[in-house]
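Protein chains in written order, with the working numbering: chain L, 127 to 435; chain U, 176 to 552.
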């Protein structure tokens, strides 16, 4: 059979010399693929360090725990155990509540600071002040949290200060939920402050003056003119603060005592005793909440907006 | 083994300082070490110095990388590559899944469990010359013996007692029920070890085998823990957290390893006393196991070099544990450490078996769930 009489469809299955048309389409295919070669390192990294471990955790959450070993028998038992044990559902809800409270408080503290920094501080002083915001990152996370156990402790600085002014140390100052939320606000303040500052720095303050010239109160001007424009910055700050706090376990362990436990601590208990299947199921549920939140936030946040486009 | 934590920066600095001291000790002791192991070992322990790397899964209180490992390498050609473990369950899974560890450390009843799972090889402990330095009782632990030999080389032990501050806790506790006393709410600190805490609650409620309770016993233990929860100030990740809380008197009592009273005293804290609850205590004794690997033939040689008494005093000063090495006890007494060693019951190794020993559970998930149901939100 000569190549000239071979139907085009059979070319792909028989070893015949390529026709000029076929060579052209091959070249186009190679060109099309070459556009994506730049993504190869990212794809490999994504696959190795995110997709593969995530797939393994998902698999573990559906596998059977047999004593200390996880057997590759598919089951919903781990999820059933999580949903049928009240303590896991309660702890999950408490964790969501604590995370939301810590996020709101972090933004409530970070917003006035960023507003002041962006609007009233001269450019000369901004840099040293921003440097101070990121200064805590020079000290390890563990040390920063441990330092708070000393500050908030029975004989700590805060307790002594309260004693000087004649106040007794409240029992929730350490080893309780308020202590966890307080330390989380401290830990995540820089993330919120920097993100909000980046959004506020680009804001044209003359618009606020214009709104007030047209009869708006200061609060109305902020709410109707400024907030809509910096909304992507606020959303980004919420994402940067809420998501990592949701999976926190070290801060509640160090300053939360037995009353400030979050869901991450229960996952840690499972992993400590090599009960990986149920631990993985709870971890996947945490990830599911994060994904749902990202989907919700996606409506008010285009990727381009995060980069100021 | 209670060092359930990873090495911290502080640990590393300490280890460095320890290493400098130990290096000089090892230099002084290397002659006796070589002779004791070399001559007596001639017919029993491999004499080859062919270079080999042994992978060891252990805790950081089992070795001194600065002085011990170089000396072992010099004498035997063995390079030790250490992987630090956190707890028995995780180490069991890691060693079983990877199959790459030549030596693994484990506690008490975990040792026969490894053997039952086909992971370890028994050995003739008396054929390892350094074993003659051990208290004889530790060469004869029934839990670590079977017809084929010994299942683990004994290292150290401890029991967990109630340590209390007599200034605040009076009368002295005689039972785990002290945890239910309202006047001690928020004053008990404990290392976060879910299985051990549930086991102690099991003892408090009369369980016969606290590490393998029946569902009914586990249920009673859970109820006890729920009632005792108000007493818990916090669960800390390391022993140092317990010492800190007792030292600054934010906590008044704990359940901890032997010697906690001394540790608090060393940290500048108040007088702490020990009490043994009438229901009993949990405890551990750990060992190095010979894993079924291609390098198993070098195990005895490694143990013979690693287990020399000369290496123990620096580790004792760092981690404060009662080893089973009798020769090292005598060295410690000569170095002025006798009081501390006695406080750890170092010279009473037979006490090791009197505690309810740590071991694997038939249903570990039930233990974690019991613990979480108490300490979850």
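Ideal placement from N, C-alpha and C gives every residue a C-beta, glycine not left out. Since the structure is predicted, the reported quantities are computational estimates derived from the model, not experimental observations.
Please tell me whether residue 430 of chain U has its Cβ less than 8 Å away from any Cβ of chain L.
In the second chain, counting from the first residue as 1, residue 430 of chain U sits at position 255. No, residue 430 of chain U lies away from the interface with chain L (no Cβ there is under 8 Å from its Cβ).
Below 9 Å on C-beta distance, what does residue 268 of chain U contact in chain L? Taking the first residue of the second chain as 1, we reach residue 268 of chain U at position 93. 194, 195, 196, 400 and 402, listed in chain order.
Can you give me the Cβ contacts of residue 540 of chain U inside the same chain, cut-off strictly under 6 Å, excluding the 5 residues immediately before and after it? Locating residue 540 of chain U in the second chain gives position 365, counting from the first residue. So the list is empty, once near-sequence residues are dropped.
Where residue 542 of chain U meets chain B, residues with beta-carbon distance less than 8 Å
Looking for chain B here will not work: the only protein chains present are L and U.
- request: Run through the region 321–394 of chain U for me and flag every whole beta strand (DSSP E) of 3 or more residues, listed as ranges in chain order.
  value: Listed in chain order, the complete beta strand (DSSP E) runs (minimum 3 residues) inside the region 321–394 of chain U are 328–339 and 363–366.
**Asked** Beta-carbon separation of residue 340 of chain U and residue 279 of chain L under 8 Å?
**Response** For this step, residue 340 of chain U is matched to residue 165 along the second chain. For this step, residue 279 of chain L is matched to residue 153 along the first chain. Residue 279 of chain L sits away from residue 340 of chain U, with the two beta carbons spaced by 8 Å or more.
**OP:** Can you give me the Cβ contacts of residue 194 of chain L inside the same chain, cut-off strictly under 6 Å, excluding the 5 residues immediately before and after it?
**Re:** As a position in the first chain, residue 194 of chain L is number 68, starting the count at 1. Once the five neighbours on either side are set aside, the close Cβ partners of residue 194 of chain L are 400.
Is residue 388 of chain L helix, strand or coil when you go by DSSP? Numbered from 1 along the first chain, position 262 holds the residue referred to as residue 388 of chain L. When DSSP states are grouped into helix, strand and coil, residue 388 of chain L belongs to the coil group.
Review point. Is the Cβ of residue 410 of chain U closer than 8 Å to any Cβ of chain L?
Key: Reading the second chain from its first residue, position 235 is the one you call residue 410 of chain U. It does: the Cβ of residue 410 of chain U has a partner Cβ on chain L nearer than 8 Å.
* Going by CA-CA distance only, name the one from U/469, U/514, U/249 and U/324 that's closest to residue 278 of chain U. => The residue you call residue 278 of chain U lines up with position 103 of the second chain. The residue among U/469, U/514, U/249 and U/324 with its C-alpha nearest the C-alpha of residue 278 of chain U is U/469.
Next item on the list: For residue 191 of chain L, name the three-state secondary structure that DSSP assigns.
Entry: In the first chain, the residue the question calls residue 191 of chain L occupies position 65. In this structure, residue 191 of chain L counts as strand in the three-state DSSP scheme.
> Looking only at DSSP bridge pairs, what is residue 461 of chain U linked to?
Replying inline: Your numbering for residue 461 of chain U matches position 286 in the second chain. For residue 461 of chain U, which the question treats as bridged, DSSP gives the partners U/282.
Is DSSP giving residue 329 of chain L helix, strand or coil here?
The residue given as residue 329 of chain L occupies position 203 in the first chain. Note: residue 329 of chain L maps to coil in three-state DSSP.
Using a Cβ-Cβ distance under 8 Å, would residue 384 of chain L count as near chain U?
Translated into the one-based positions of the first chain, residue 384 of chain L becomes position 258. Residue 384 of chain L belongs to the set of residues whose beta carbon lies under 8 Å from a beta carbon in chain U.
Notebook entry, point to check: Which first and last residues belong to the beta strand (DSSP E) in which residue 228 of chain U is found?
Noted result: Stepping through the second chain from its first residue, residue 228 of chain U is reached at position 53. From DSSP, the beta strand (DSSP E) with residue 228 of chain U extends over 227–233.
Handout entry: Straight-line Cα distance separating residue 381 of chain L from residue 274 of chain L
Key = In the first chain, counting from the first residue as 1, residue 274 of chain L sits at position 148. In the first chain, counting from the first residue as 1, residue 381 of chain L sits at position 255. Spanning the two alpha carbons is a distance of roughly 8 Å.
- Message: Within 10 Å of its beta-carbon, does residue 443 of chain U have 16 or more other beta-carbons around it, so buried, or fewer, so exposed?
- Response: Here the question's residue 443 of chain U lines up with position 268 in the second chain. That one is exposed.
- Query: Which class does residue 481 of chain U belong to by DSSP, given the choice of helix, strand or coil?
  - Reply: By 1-based counting over the second chain, the position of residue 481 of chain U is 306. The answer is helix: DSSP assigns residue 481 of chain U an H, G or I state.
_Under 8 Å: do the region 450–463 of chain U and the region 371–387 of chain U share three or more Cβ pairs, one atom per stretch?_
Yes: at least three Cβ pairs fall under 8 Å.
Please state whether the Cβ-Cβ distance between residue 457 of chain U and residue 530 of chain U is less than 8 Å. The count along the second chain starts at 1 and reaches residue 457 of chain U at position 282. The count along the second chain starts at 1 and reaches residue 530 of chain U at position 355. Yes.
Report task. At 4 residues or longer, and completely inside the region 308–390 of chain L: list those alpha helix (DSSP H) runs for me, N to C. Result -> Within the region 308–390 of chain L, the complete alpha helix (DSSP H) runs of at least 4 residues fall at 332–339, 344–347, 353–372 and 376–381.
For the pair the region 333–346 of chain L and the region 287–295 of chain L, tell me if three or more CB-CB distances fall below 8 Å. The region 333–346 of chain L makes no contact with the region 287–295 of chain L; the number of CB pairs closer than 8 Å stays below 3.
> How far does the beta strand (DSSP E) with residue 432 of chain U in it reach, from first residue to last?
Replying inline: Against the second chain, residue 432 of chain U aligns to sequence position 257. For residue 432 of chain U, the enclosing beta strand (DSSP E) starts and ends at 428–432.
> In chain L, which residues lie less than 8 Å from residue 423 of chain U when you measure between Cβ atoms?
Replying inline: One-based indexing of the second chain puts residue 423 of chain U at position 248. In chain order: 279, 280 and 281.
* Classification of residue 533 of chain U by the beta-carbon crowding that lies within 10 angstroms, buried from 16 upward -> As a working note, residue 533 of chain U is residue 358 in the second chain. The C-beta of residue 533 of chain U has 16 or more other C-beta atoms within 10 Å across all chains shown, which makes the residue buried.
Endpoints, beta strand (DSSP E) assigned at residue 256 of chain U: Within the second chain, residue 256 of chain U is the residue found at index 81, counting from 1. Taken as a continuous stretch (DSSP letters only), the beta strand (DSSP E) holding residue 256 of chain U covers 253–259.
Taking any Cβ of chain U, which residues in the region 171–187 of chain L have a Cβ under 8 Å from it, in chain order?
Flagged: no residues at all.
State whether the region 358–368 of chain L contacts the region 306–326 of chain L, with contact taken as three or more CB pairs (one from each stretch) at a distance under 8 Å.
Flag = yes, the region 358–368 of chain L and the region 306–326 of chain L touch.
Exercise for the section: Pull up the distance between the alpha-carbon of residue 351 of chain L and that of residue 255 of chain L, whole angstroms please. Expected result: Your numbering for residue 351 of chain L matches position 225 in the first chain. Your numbering for residue 255 of chain L matches position 129 in the first chain. Rounded to the nearest angstrom, the two C-alpha atoms are 27 Å apart.
| For residue 298 of chain U, which three-state DSSP category applies? | Translated into positions along the second chain, residue 298 of chain U becomes position 123. The answer is strand: DSSP assigns residue 298 of chain U an E or B state.
### Beta-carbon proximity list for residue 368 of chain L, same chain, < 8 Å, skipping 5 on both sides
Numbered from its first residue, the first chain carries residue 368 of chain L at position 242. Excluding sequence neighbours, residue 368 of chain L sits near 225, 226, 229 and 419.
Next on the checklist: Please list, in chain order, the residues of the region 387–420 of chain U that have any C-beta partner in chain L closer than 7 Å.
Outcome noted: Within the region 387–420 of chain U, those residues whose Cβ lies closer than 7 Å to any Cβ of chain L are, in chain order, 404, 407, 408, 409, 410 and 412.
Between residue 327 of chain U and residue 463 of chain U, is the Cβ-Cβ spacing less than 8 Å?
Here the question's residue 327 of chain U lines up with position 152 in the second chain. Here the question's residue 463 of chain U lines up with position 288 in the second chain. The answer is yes: Cβ separation under 8 Å.
Exercise. Ordered along the chain, which non-local residues of its own chain (more than five positions away) have a Cβ less than 6 Å from that of residue 422 of chain L?
Worked result: Sequence index remark: in the first chain, residue 422 of chain L carries index 296 (1-based). Within the same chain, residue 422 of chain L has no close Cβ partners at all.
Task: Straight-line Cα distance separating residue 501 of chain U from residue 408 of chain L - done: If you number the first chain from 1, residue 408 of chain L lands on position 282. If you number the second chain from 1, residue 501 of chain U lands on position 326. Computed Cα separation, rounded: 48 Å.
Discussion item. Would you say the beta carbon of residue 174 of chain L is closer than 7 Å to some non-hydrogen atom of the ligand SAM?
Written reply: With respect to the ligand SAM, the structure offers nothing, as it holds no ligand at all.
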